[in-house]
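First residue of the sequence shown: 1, per the UniProt record's numbering; consecutive thereafter.
Ideal Cβ positions, reconstructed from N, Cα and C, are used throughout, including at glycine.
The structure appears right after this line, and notes come after that.
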Amino acid sequence: MFRIGEQDHRVDMKAIEPYKKVISHGGYYGDGLNAIVVFAVCFMPESGQPNYRYLMDNLFKYVIGTLELLVAENYMIIYLNGATTRRKMPSLGWLRRCYQQIDRRLRKNLKSLIIVHPSWFIRTLLAVTRPFISSKFSQKIRYVFNLAELAELVPMEYVGIPECIKQCVSLLCFSSWIWARGLLLCLTVLKNTGL
């Protein structure tokens with residue numbers, strides 16, 4: 001049973017068991033009980049599942065109910081988008097419903113929404129919907145393109161980065177290193193051949 005606003009909601013915990021890691025507590029920032037809430041999209045169910053709507057309805061109640069339990073004062077949400085396929089991305093409607101169902105206290109106390117590894121799709125979606133989003137909320141959104149940049153903004157001691165994101169980051173770093181080495185080799189060959 002989870003309380004959302006003034007109502008209790010039953011959640012099928014068995015159905016959402018594989019997806020409960022989608023939301024976690026990432027410690028605190030600043031003075032007081034300013035919570036860091038981590039939302040890892042890579043743990044969302046794939047949209048092609050036959051019971052997808054049922055899962056998302058229960059996951060929605062779980063996420064909002066957990067948010068109500070985690071937040072005492074101000075808070076930030078770290079939205080981990082890395083290592084996520086489009087099939088795991090929640091719909092805009094689902095995200096909007098989450099935000100609308102959050103009671104006024106939680107909406108007011110949200111100080112920052114940090115989107116880590118924002119895809120082109122996420123950035124475009126937010127740009128297109130910006131006219132329909134309150135300016136106060138828009139000012140809370142921040143894009144962070146790598147984990148080092150995130151570490152400059154928030155204490156990372158308790159922020160759990162999923163293994164799939166760490167592997168993806170390692171692969172991207174390795175790919176960048178290979179690309180840079182290849183470019184350096186090409187430039188060296190061009191220089192040595194006088195081209």
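Whole-angstrom distance between residue j and residue i, CA atom to CA atom
| i | j | result |
| --- | --- | --- |
| N146 | E152 | 10 Å |
| S135 | N192 | 56 Å |
| M1 | E149 | 37 Å |
| N81 | L92 | 14 Å |
| I141 | I114 | 6 Å |
| R104 | I23 | 20 Å |
| R123 | K14 | 34 Å |
| L67 | A35 | 10 Å |
| I77 | G48 | 27 Å |
| I165 | A72 | 29 Å |
| N109 | L69 | 14 Å |
| S170 | A83 | Low confidence applies here, because S170 scores a pLDDT of 49, under 50, leaving its location unreliable; read the following figure in that light. Approximately 11 Å between the Cα atoms of the pair. |
| S119 | P90 | 13 Å |
| K21 | F132 | 30 Å |
| R3 | P50 | 27 Å |
| Q167 | D12 | 31 Å |
| L126 | V144 | 14 Å |
| V128 | I16 | 31 Å |
| Q139 | V154 | 18 Å |
| E163 | R130 | 32 Å |
| F121 | L33 | 33 Å |
Option nearest residue i by Cα separation, candidates the options
| i | options | result |
| --- | --- | --- |
| R10 | I23, F39, L59 | L59 |
| V38 | K108, P18, V116, D103 | V116 |
| D31 | Y75, R97, T129 | Y75 |
| Q7 | R53, P45, K61 | K61 |
| Q101 | V63, V154, V144 | V63 |
| R29 | Y158, P162, E163 | For clarity, residue 29 is Tyr in the given sequence; the question names Arg instead. Among Y158, P162, E163, the Cα nearest to that of Y29 belongs to Y158. |
CB contact flag (residue i, residue j, <9 Å)
| i | j | result |
| --- | --- | --- |
| R107 | Y99 | yes |
| V41 | K111 | no |
| G160 | G65 | no |
| F43 | Y19 | yes |
| M156 | W94 | no |
| E46 | Y52 | yes |
One or two residues paired with residue i in a DSSP bridge
| i | result |
| --- | --- |
| D8 | R3 |
| I141 | L113 |
| N34 | Y29 |
| I23 | F39 |
Problem - Inside the segment 62-127 only - beta strand (DSSP E) runs reaching at least 3 residues - result: 75-80, 110-116
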